[in-house]
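Worksheet for the structure shown next.
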Amino acid sequence: MPKIYVDGQELSVKEGENILEACLSAGINLPYFCWHPAMGSIGSCRQCAVVQYQNEEDTDGRIVMGCMTPVTEGARFSLNANKGVEFREAVVESLMLNHPHDCPVCGEGGECHLQDMTVMVGHRDRRYTGLKNTHRNQYLGPLINHEMNRCITCYRCVRYYDDYAGGTDLSAQASHDHVYFGRHEDGVLESEFSGNLVEVCPTGVFTDKPLLKQYTRKWDLQSAPSICNGCAVGCNISPGERYGKLKRVHNRFNDDVNGYFLCDRGRFGSGYVNSSLRLDYAGLRKKNGSFQAIHQQAAVDKVARWAKGKKIAAIGSPRASLEANYLLREWAGKDNFSAGFSEHEGQVIHTISTMLSRTNALSPSIKQMEAADVVLILGEDVTNTAPRVALGLRQAIRNKAYQLAEQAGLPKWQDAAVRNLAQDQRSPMIIVSPIGTRLDDVASQLITLGIEDITQFAAAVADVVSGKHIKDVDVNAVAQLLKDAERPLIISGSSLLSDSLVKSAAVIASRLAVDNKQTMLSYCIPESNSLGVALLAEDTKSIEELIIRADKFDVLLLLENDLHRRISPDQIDQLKNSGVKLVGLDVLENETLSACDLVLPVTSYAESEGTLINSEGRAQRHYPVFEPAAERMPSWKWILELATACEHTKIVKLTHFDEIVESCADSCSLFGQLTQVAPDHKFRSHGLKISRKTHRYSGRTAISANQSVHEPLQPVDQETPLTFSMEGINLEQAASLTPFYWSPGWNSNQSLQKFQAEVDGPLSGNSSGQRLIEPKLDLDPNCLLSAPSLSKTSISDRLKIKPDESQLVPIYRVHGSDELSSYTDEIAELAGEAFVAISAAVAEQLNVVEGDGLIVSNADGDLSLEVKILNRVASDCVGYSAGYTKTNSLRAGNLVVLSRDSKWQRRMPQLIATDSGNKRPPNNIEGSAHV
Ligand code: FES
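So the sequence shown is residues 0 to 930, counted in numbering that gives the first Met the number 0.
Structure follows, in structure tokens:
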């Protein structure tokens, strides 16, 4: 470890880091703007200036940029030397020349890095008396607000959006003091990761637009550590609440999982928590089909009357907590419990859980995936099925650049230099898919095949990996790349509902792992706890199997599962007509609940505690951010109360959340580590609970003054180590318990570094969560994982379908395919209408253009959908919008016939909206104005 001297203080620093990183890791406050731990240095803002001395005798020194200067043994620096202090103050003063003094009305106010740095360097008085440059702002869609006048030209936005996230529609325009960061014209930002601009921008240029509509300052938010429930990646989030409304979601750093960034579904898709469709009270269905509200206790008594001593069945949920599913399984019994998947989906997810549990390859975290030097993607549009993983893969392809940089002696953090050196050279990424994907732009090879052919291709690659000879150039080339790789990564998933494909991916990885222990295998799966419930119920029934037996039961409990998304209306009718009493628990009203005899209102993830197991096999805990309104209760609590009222022998002994976790951990060896996921409710830091509210939380004594002038008692949290109060601590707790980031002098999200053991390192107190799946190092892949039949058909053989038939391929969307986030206004706006996607050649055949209508016919009937035309579609395949209500009846792999819908009414072209927050000034070009 080199030693350096900063103002006489000796520091042992990390080899290869720069002075800014060394100072921050040592707890020394050195201001900065353009440097970002995930994006490295470009030295553009000049804010991190320090004085460097040649030796002990040198008393003058010279100014260098801390973020551009590597540490070297014995190097001497000063932050306190006048020269450096004056330089840094001058930099802020120059940045503030054109910056509006609008902090009181700025969405970033109170958590602005520019505010923090201005205070840190001591800049106070504005000496400039001239005109400020002003810019016009752009409409960037429903998620991001643009206020270009606040820009300090640090370039972080375009470095993140273009260089890191692969966006192409945001750029730096113009020159010198007219540099402008925006799109070439008003319009919705195209990237699925645009929301990170809110946290990357150190001022208020890009802010959270939904938050601005119901604004609350950071210090007035109540927050809790949480896990995104938008997909199975399990990103760590910090949701903030005030007045009983979820106001926003910020990133919560997890070194292994999401790092510094979220996808837009994760950041903006929680609006459904505030939806008017939320259920507040239990509802008992009357004869006329309407529901009568009843109190919690009456609902519990009603279920006890129906279910005590009777036969119970239950359908679990891949989006509900492990604890709720576990209690339900214990109550109904393994034979009468369905994990909540349809037959086809369940088969694939269970195969994935089996493969992950048995493979000798590593189920990697995103951080590990970012280190992959060859990536093979089989049948997944990862950006839309596991978005944050795709962002990680965009970093994996840079490993070639890092390799070249190492050879040239360049540190990784020299971002511009490394990019210049590598130009377009990337690590190989091969995508084999039936339709184009959002990672196509960075793939080294695109192979377009139908669903069955992808499986054949994968099986052939597996064979070549294990030494067989196959005469196919692509197969051999891909197999060779994988064999030559140091850290090969195979990605597949459940999108195409192909059991064989999932197995083939596992066979490739397991065979590679025989010789290469760094081989990785990752699956994209749909819901936040799909893997958890599959592991919990590995030998249990599909929804359809349970429905067939429904008339044998007295009561069927349905946990957080809209069956219309999984099975046909006929099967739901069969359930309704079976005579079983249906008790539905869910967050929002949906069509399935209207068929229930009793509906119970449950809390969202933001109002409850629970454990989710992500696609990697990592168990993570989310905590309630705020107390549930009305008579909502967490699902696990409802089930605990119902089963206790029915005197279930095992559940009646459980009274506390921690006891449920312990019971679940004891139920099988795989879940043995569940109690280690996060500390139990007795945890205290410095003798105190962890506070959800900030020190500066305002109005606690007056917030309910319209109801009572007396300060209300703060809700008491008996279940967790957190408190619904500002009287607690947010310091030195386990990483899984940190509700928000703040440190004296660091009000912005950059305060995160004060919670990290070192800059860009894991959080102090370890990363949150517990991995439950580890590679089986002594596994013989050939005996445990048999490949699907490989030999009978050649790769080019197609599924034998009739000339006018096409095979359905689901197209997932970050905005629109997920159930709950679709109830968020902004997400629904971006999702648009359901669609069918075809190639240009098929469009010509059918005589349609984009925006026309096509009738999609299959055994279930006809469906009229809007046409989209894609560049890359396998022959005989047709895409459809997956997860949209209108296309619920379509299934991956089914055969359909397409015909032109001559009665289709084209939608009116959408005008670019300019909402009230972003009205153009009369003079819509850059100009000057007094501020
Ligand atoms: Fe070093 Fe910007 S942070 S120059």
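All C-beta atoms in this analysis are idealised placements derived from N, C-alpha and C, irrespective of residue type, glycine included.
Buried or exposed: which applies to residue i, given that a residue is buried once 16 or more other Cβ atoms fall within 10 Å of its Cβ?
i	result
Cys-595	buried
Gln-675	exposed
Leu-375	buried
Ala-605	buried
Leu-712	exposed
Asp-176	exposed
Thr-886	buried
Lys-301	buried
Asp-6	exposed
Thr-792	Only weak support is given to the placement of Thr-792: the predicted model assigns it a pLDDT of 46, under 50, and the value that follows is read from those uncertain coordinates. Exposed, since its Cβ has fewer than 16 Cβ neighbours within 10 Å.
His-647	buried
Val-472	exposed
Val-708	exposed
Ala-839	exposed
Asn-589	buried
Considering only the alpha carbon of each residue, which of the options lies closest to residue i?
i	options	result
Asn-132	Glu-146, Arg-123, Phe-76	Glu-146
Leu-864	Phe-86, Arg-905, Ser-747, Leu-641	Arg-905
Ile-638	Lys-13, Cys-66, Leu-327	Leu-327
Gln-137	Tyr-179, Cys-111, Val-118, Tyr-160	Tyr-179
Arg-123	Tyr-52, Leu-113, Ser-289	Leu-113
Pro-238	Gly-258, Leu-210, Cys-230	Leu-210
Lys-285	Lys-2, Ser-356, Gly-815, Leu-597	Leu-597
Ser-767	Asn-228, Phe-252, Lys-502	Phe-252
Phe-739	Ala-701, Glu-189, Ser-690, Ser-697	Ser-690
Val-199	Arg-486, Asn-589, His-35, Leu-480	His-35
Arg-125	Cys-153, Ile-650, Glu-92	Glu-92
Ala-458	Arg-437, Leu-500, Gly-492, Asp-334	Leu-500
Pro-952	Val-855, Leu-611, Ser-634, Ser-607	Beyond the ends of the chain as shown, which are 0 and 930, falls residue 952; an answer cannot be given.
Tyr-242	Met-116, Phe-32, Ile-702, Gly-194	Ile-702
Leu-776	Pro-427, Pro-1, Thr-518, Ser-494	Thr-518
Val-835	Lys-801, Arg-890, Ser-821	Arg-890
Is residue i helix, strand or coil when you go by DSSP?
i	result
Ser-11	strand
Leu-641	helix
Val-847	coil
Cys-102	helix
Met-0	coil
Glu-240	strand
Lys-131	strand
Gln-424	coil
Pro-802	coil
Met-519	strand
Lys-688	coil
Ala-292	strand
Lys-580	strand
Pro-487	strand
Could you check how far apart the C-beta atoms of residue i and residue j are, in whole angstroms? I think they sit under 8 angstroms.
i	j	result
Val-872	Leu-897	Between Leu-897 and Val-872 the Cβ distance is about 12 angstroms, and since that is not below 8 angstroms, they are no contact.
Leu-762	Asp-254	7 angstroms
His-951	Met-725	A query on residue 951 cannot be resolved here, the shown segment of the chain reaching from 0 to 930 and no further.
Leu-496	Gly-892	6 angstroms
Ser-521	Met-368	6 angstroms
Glu-189	Gly-165	Contact doesn't hold; Cβ gap of about 10 angstroms is too wide.
Gly-962	Leu-530	Residue numbering for the chain in the displayed model covers 0 to 930; residue 962 lies beyond these limits and cannot be assessed.
Leu-390	Phe-192	6 angstroms
Ser-269	Val-248	5 angstroms
Gly-229	Asn-560	The pair is not a contact, with the Cβ atoms about 17 angstroms apart (cut-off 8 angstroms).
Task: Segment contact, 8 angstroms Cβ cut-off, at least three pairs: the stretch 535–546 with the stretch 304–316 - done: Enough Cβ pairs lie closer than 8 angstroms, so yes.
Task: Segment contact flag, the stretch 652–659 with the stretch 569–582, C-beta cutoff 8 angstroms, min 3 pairs - done: The stretch 652–659 vs the stretch 569–582: no contact.
Open item on the list: Any contact between the stretch 262–277 and the stretch 754–761? By contact I mean 3 or more CB pairs, one from each, below 8 angstroms.
Closed with: Contact between the stretch 262–277 and the stretch 754–761 is absent, with fewer than three C-beta pairs closer than 8 angstroms.
Open item on the list: Whether or not the stretch 340–353 and the stretch 394–411 are in contact is what I'm after, with contact meaning three or more pairs of Cβ atoms, one per stretch, closer than 8 angstroms; do they touch?
Closed with: The answer is no - the stretch 340–353 does not touch the stretch 394–411, with fewer than three Cβ pairs under 8 angstroms.
Open item on the list: For the structure I just gave you, are there three or more beta carbon pairs, one from the stretch 77–97 and one from the stretch 49–63, closer than 8 angstroms?
Closed with: Because the criterion of three Cβ pairs below 8 angstroms is met, the stretch 77–97 and the stretch 49–63 touch.
TODO: Inspect the CB distances between the stretch 278–297 and the stretch 213–232 and report whether three or more fall short of 8 angstroms.
DONE: Flag = no, the stretch 278–297 and the stretch 213–232 do not touch.
Open item on the list: I want to know whether the stretch 746–756 touches the stretch 103–112 - three or more CB-CB distances under 8 angstroms.
Closed with: The stretch 746–756 vs the stretch 103–112: in contact.
Task: Touching by the beta-carbon criterion (3+ pairs, under 8 angstroms), the stretch 547–564 and the stretch 375–384 - done: They do not touch, by the three-pair rule.
Open item on the list: If contact is defined by three or more beta carbon pairs under 8 angstroms, each pair taking one atom from either stretch, is the stretch 703–721 in contact with the stretch 620–638?
Closed with: Below 8 angstroms, enough C-beta pairs join the stretch 620–638 and the stretch 703–721 to call them touching: three or more.
Task: the stretch 442–458 touching the stretch 422–434, judged by at least three CB pairs closer than 8 angstroms - done: Segments in contact, yes.
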